[in-house]
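**Q** Residue 172 in UniProt numbering sits at position 172 of the first sequence, with consecutive numbering throughout.
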Amino acid sequence: MTATEAVTIFERIALLMELKEENPFKIRAYRTGAEVVENFPGPIMQLAEKNELAGIKGLGEALRDKLHEMATTGGLGFYDKLREGFSDDFFELFEVQGLGPKKIKVLHETFGISSVADLKRVCESGEVAKLAGFGSKTVVKLLESLAFRETHAQEFRGDQVAPLAEEILGMLRLHPEITRVSVAGSYRRGKETVHDLDFLVATREPKLVIEDFVGIPQVQSILGQGETKASVLLRNGLQCDLRAVSNAQFPFALQYFTGSKEHNVTLRQRALDRGLSLNEYGLKPVEGSNTVEPEVMEEGDIYRALGLSWIEPELRENSGEIQLAEKQPLPKLVELSNLRGVFHNHTTWSDGVASLEAMAEEAQELGLQYLGIADHSKSSFQANGLDAVRLLKQVEEIRALNATYDGGHFKIFAGSEVDILKDGSLDFDDEVLSQLDYVVASVHASFTLPEAEMTKRIIKAMENPYVTMLGHVSGRLLLQRPPYAVDIAAVIEAAAATGTIIELNASPWRLDMDWRWWKLAKEKGVKCSINPDAHSPRGLQDIFYGIRAARKGWLTREDIINCLPLSKVDEFLRAKFLSR
DNA sequence: GCCGTTTTCGGCCCGACTGTTTTCAGTCG
Numbered sequence: 001m002t003a004t005e006a007v008t009i010f011e012r013i014a015l016l017m018e019l020k021e022e023n024p025f026k027i028r029a030y031r032t033g034a035e036v037v038e039n040f041p042g043p044i045m046q047l048a049e050k051n052e053l054a055g056i057k058g059l060g061e062a063l064r065d066k067l068h069e070m071a072t073t074g075g076l077g078f079y080d081k082l083r084e085g086f087s088d089d090f091f092e093l094f095e096v097q098g099l100g101p102k103k104i105k106v107l108h109e110t111f112g113i114s115s116v117a118d119l120k121r122v123c124e125s126g127e128v129a130k131l132a133g134f135g136s137k138t139v140v141k142l143l144e145s146l147a148f149r150e151t152h153a154q155e156f157r158g159d160q161v162a163p164l165a166e167e168i169l170g171m172l173r174l175h176p177e178i179t180r181v182s183v184a185g186s187y188r189r190g191k192e193t194v195h196d197l198d199f200l201v202a203t204r205e206p207k208l209v210i211e212d213f214v215g216i217p218q219v220q221s222i223l224g225q226g227e228t229k230a231s232v233l234l235r236n237g238l239q240c241d242l243r244a245v246s247n248a249q250f251p252f253a254l255q256y257f258t259g260s261k262e263h264n265v266t267l268r269q270r271a272l273d274r275g276l277s278l279n280e281y282g283l284k285p286v287e288g289s290n291t292v293e294p295e296v297m298e299e300g301d302i303y304r305a306l307g308l309s310w311i312e313p314e315l316r317e318n319s320g321e322i323q324l325a326e327k328q329p330l331p332k333l334v335e336l337s338n339l340r341g342v343f344h345n346h347t348t349w350s351d352g353v354a355s356l357e358a359m360a361e362e363a364q365e366l367g368l369q370y371l372g373i374a375d376h377s378k379s380s381f382q383a384n385g386l387d388a389v390r391l392l393k394q395v396e397e398i399r400a401l402n403a404t405y406d407g408g409h410f411k412i413f414a415g416s417e418v419d420i421l422k423d424g425s426l427d428f429d430d431e432v433l434s435q436l437d438y439v440v441a442s443v444h445a446s447f448t449l450p451e452a453e454m455t456k457r458i459i460k461a462m463e464n465p466y467v468t469m470l471g472h473v474s475g476r477l478l479l480q481r482p483p484y485a486v487d488i489a490a491v492i493e494a495a496a497a498t499g500t501i502i503e504l505n506a507s508p509w510r511l512d513m514d515w516r517w518w519k520l521a522k523e524k525g526v527k528c529s530i531n532p533d534a535h536s537p538r539g540l541q542d543i544f545y546g547i548r549a550a551r552k553g554w555l556t557r558e559d560i561i562n563c564l565p566l567s568k569v570d571e572f573l574r575a576k577f578l579s580r
């Protein structure tokens, strides 16, 4: 059994115990256990198999034994018994916003609902509204949540897709009959969610390659298999397509299947204007035209042949990239290797799972020069938010730790993710904030304010001279929770006026501010900070997703403050305050 | 179920918001 599967089982045990109204602290222990397993920096299942898990905080005797059972037998008797009568579909109910264990219990016992589909049926029939504790507004809310889920059904976040994509790419690259390989589609374009994965290979043996592809271990079922194309369903429900073309066709197919559809429509029109016809097989002169067939060896040659500079896949959304590429080279988009540090990260001081030292170690391991800590403030009780006393103590500890880094090659910046309260005031007063290196201000409560009020609230926070940057501007959780009502354009204006940096929260759940707004922000001179919002050492690697979103937002290293070297970034953090 | 300069059983995270109620339960962060 893999660690990921064990994590799911612990999480489900917690859900089932909630349903059975077990001791809440016992439930929490399973949740903590799931987190520890998920974030463990090593082959935890191998250790579990050999009974070598002693000493790990959060995994006591009972959980260690369960992990051992899972590692050795591939199952867990305790869990099997607990979940008797509950299908896999049942657990999806816990993902519906507005529905918790108590309500699920009542619905299950009264109507026998055991899936999201069941829930929809009884909500629509009017039966639910008659239940004690439920009412018409509850039903409306539930139906809204269900509609949101349906709109995004069959979509996957980056973290659900990227590891698989890389794994499969790696396998295809090793295939002896494959000469060129790429992923295409919206994944290649860096979209925040995708509904499938498209792979493209160049080969002289398409049939053989397709046969091998449908046989890889990640495949659960084959949806279709032909001479040059196959569609499969992976174990996690993700659809995956493979197309096999000749080496000569490869650049055209790659361009075509990368899209977007709108980008390609404009491109094909442009080709026609030049007497050429572009499709997934080639770029040929149209009948009667005296244009010469361009030589195309790779994708870039197609753009060149059409009088365009290179257009990165992330920019192919038909939002002005073709018009600009006609006149000049497009901006050199930021790359992962450009990042020099990361802000907005959590530790065990609030709701993170790792210590300051462990986070700093991992940051250095990733080749970064600095790490910004920003634990939660006191209003975020659920996240063990810090009050002023604890915060200042943490600052002291950070300063002490910094003194141990020889030669000043690495630095931890002491910050806070301070809650923006309902009226736009902050959770700490200026006297406290003034003692920090930087401040991230974020909304964590009162999501339902009307747009005007929410916008005013956020802008008020940005007007505070100590607020260096604004955290996750819309509060969205991809595929799960829509953004709250806020006028982003107005927020961008205010950021420009106050000199406040806007965060690009790199968590694959958030990717907030959305890439669609960055072009505007950049035009207004607003700077971006790509923030992993890491709650564990591994979470720091979410900068991978942040970079993809930043590229999609046309950002270059000059737009992003954490591309600045340590020697310059300090000064930049203080710029807003000093300019007043 | 886990943890401990309390080493062995008691403590472990709390307030806002919403909708359903008429004093509070459930959900969320």
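Even glycine gets a Cβ: it sits at the ideal position worked out from N, Cα and C.
#1: At the level of alpha carbons, what is the spacing between Glu-463 and Thr-151?
#2: Should the segment 170-179 be called in touch with the segment 522-542, which here means at least 3 C-beta pairs below 8 Å?
#3: With burial defined as no fewer than 16 other Cβ atoms inside 10 Å of the residue's Cβ, what is the status of Tyr-256: buried or exposed?
#4: Got a sec, what are the start and stop residues for the alpha helix (DSSP H) Cys-563 sits in?
#5: Measure the CB-CB distance between Asp-559 and Cys-528 and report whether it falls below 7 Å.
#6: Report yes if the CB atom of Trp-509 is closer than 7 Å to the CB atom of Leu-540, and no otherwise.
#7: I need the DSSP call for Thr-8, collapsed to helix, strand or coil.
#8: Out of Lys-332, Leu-234, Phe-213 and Thr-291, state which residue places its alpha-carbon closest to the alpha-carbon of Gly-226.
#9: Given Phe-250, which residues of its chain have a CB within under 6 Å of its CB, disregarding the five upstream and five downstream residues?
#10: Leu-119 by DSSP, collapsed to three states: which one?
#11: Relative to the alpha-carbon of Ser-125, which residue among Val-140, Glu-18 and Gly-372 has its alpha-carbon at the smallest distance?
#12: For the alpha helix (DSSP H) holding residue 586, just list the boundary residues, first then last.
#13: Quick one: grab the DSSP three-state call for Gly-190.
#14: Closest to Glu-326 by C-alpha separation, out of Leu-366, Leu-276, Leu-333 and Thr-266, would be which residue?
#15: For Arg-180, list the residues DSSP reports as bridge partners.
#16: Beta-carbon within less than 8 Å of Glu-205's beta-carbon, same chain only, minus the 5 sequence neighbours each way: which residues are those?
#17: What is the residue span of the alpha helix (DSSP H) that Pro-101 lies within?
#18: Counting C-beta neighbours from all protein chains within 10 Å, is the total for Arg-12 16 or more, i.e. buried, or is it exposed?
#19: Taking the straight line between their C-alpha atoms, what separation do you get for Phe-428 and Leu-306?
#20: To the nearest angstrom, how far is it from the Cα of Gly-385 to the Cα of Arg-574?
#21: Roughly how many angstroms separate the alpha carbons of Arg-274 and Thr-291, rounded to a whole number?
#22: Is the separation between the beta-carbon of Leu-200 and that of Ala-162 shorter than 7 Å?
#23: At what residues does the beta strand (DSSP E) containing Lys-229 begin and finish?
#24: Find the nearest neighbour of Leu-208 within the set Val-219, Arg-189, His-263 and Ala-230, judged by alpha-carbon distance.
#25: According to DSSP, is Ile-530 part of a helix, a strand, or is it coil?
#26: Asn-402 by DSSP, collapsed to three states: which one?
#27: Which residues bound the alpha helix (DSSP H) around Gly-158?
#28: Decide yes or no for the touch test of the segment 462-476 against the segment 435-445: beta carbon pairs closer than 8 Å, at least 3 of them.
#29: Between the C-alpha atoms of Ser-355 and Thr-228, what's the straight-line distance to the nearest angstrom?
#30: Measure the CB-CB distance between Gly-415 and Asp-437 and report whether it falls below 7 Å.
#31: Residues in the same chain with beta-carbon distance under 8 Å from Ile-216, minus the five sequence neighbours each way, listed in chain order, please.
#32: For Ile-222, which residues from the same chain have a beta carbon less than 6 Å from its beta carbon, with the 5 sequence-adjacent residues on both sides left out?
#33: Can you round the beta-carbon distance between Gly-33 and Leu-63 to whole angstroms, since I take them to be within the 8 Å contact cut?
#34: Helix, strand or coil, according to DSSP, for Val-370 in the structure here?
#35: Assign Ala-54 to one of two classes, buried (16 or more other C-beta atoms within 10 Å of its C-beta) or exposed (fewer than that).
**A** By the coordinates alone:
#1: Rounded to the nearest angstrom, the two C-alpha atoms are 37 Å apart.
#2: Counting Cβ pairs under 8 Å, fewer than three are found: no touch.
#3: Label assigned to Tyr-256: buried.
#4: Per DSSP, Cys-563 belongs to no alpha helix (DSSP H) and is neither H nor E.
#5: Yes, Cβ-Cβ distance for Asp-559 and Cys-528 is below 7 Å.
#6: It is not a contact, given that the beta carbons lie outside the stated cut-off.
#7: Correct three-state label for Thr-8: helix.
#8: The residue with the shortest Cα to Cα distance from Gly-226 is Phe-213.
#9: Around Phe-250: Arg-180 and Ala-202.
#10: Helix.
#11: Restricting attention to Val-140, Glu-18 and Gly-372, the CA atom closest to the CA of Ser-125 is found in Val-140.
#12: Coverage of the chain is limited to positions 1 through 580, which leaves residue 586 absent and any answer about it impossible.
#13: For Gly-190, the secondary structure class from DSSP, reduced to helix, strand or coil, is coil.
#14: For the residues Leu-366, Leu-276, Leu-333 and Thr-266, the minimum Cα distance to Glu-326 belongs to Thr-266.
#15: According to DSSP, which records beta bridges pairwise, Arg-180 is partnered with Ala-202.
#16: Taking C-beta separations shorter than 8 Å and ignoring five residues to either side along the sequence, the partners of Glu-205 in its chain run Glu-177, following chain order.
#17: Where Pro-101 is concerned, the enclosing alpha helix (DSSP H) stretches over 101-111.
#18: Under this definition Arg-12 is a buried residue.
#19: Roughly 57 Å between the two C-alpha positions.
#20: The alpha-carbon of Gly-385 is positioned some 25 Å away from that of Arg-574.
#21: Distance between the alpha carbons of Arg-274 and Thr-291: 8 Å.
#22: 7 Å or more divides the Cβ of Leu-200 from the Cβ of Ala-162.
#23: For Lys-229, the uninterrupted beta strand (DSSP E) segment begins and ends at 229-234.
#24: Out of Val-219, Arg-189, His-263 and Ala-230, Ala-230 has the C-alpha closest to the C-alpha of Leu-208.
#25: Three-state result, Ile-530: strand.
#26: Here DSSP, grouped into helix, strand and coil, assigns Asn-402 to helix.
#27: Looking at the DSSP string, the run of the alpha helix (DSSP H) that includes Gly-158 is 158-174.
#28: The count of Cβ pairs closer than 8 Å, one atom from the segment 462-476 and one from the segment 435-445, reaches three, so the stretches are in contact.
#29: If I take the Cα positions, the gap works out to 51 Å.
#30: Contact check for Gly-415 against Asp-437 passes: the beta carbons are separated by less than 7 Å.
#31: Once the five neighbours on either side are set aside, the close Cβ partners of Ile-216 are Ile-168 and Met-171.
#32: The beta carbon of Ile-222 sits closer than 6 Å to the beta carbons of Val-214 and Val-232 from its chain, once the five residues preceding and following it are set aside; these are given in chain order.
#33: Sure, about 4 Å apart at Cβ, within 8 Å.
#34: Just to set this straight, residue 370 is Tyr in the shown sequence, not Val. Tyr-370: strand per DSSP, three-state reduction.
#35: Residue environment for Ala-54: exposed (fewer than 16 other C-beta atoms within 10 angstroms of its C-beta).
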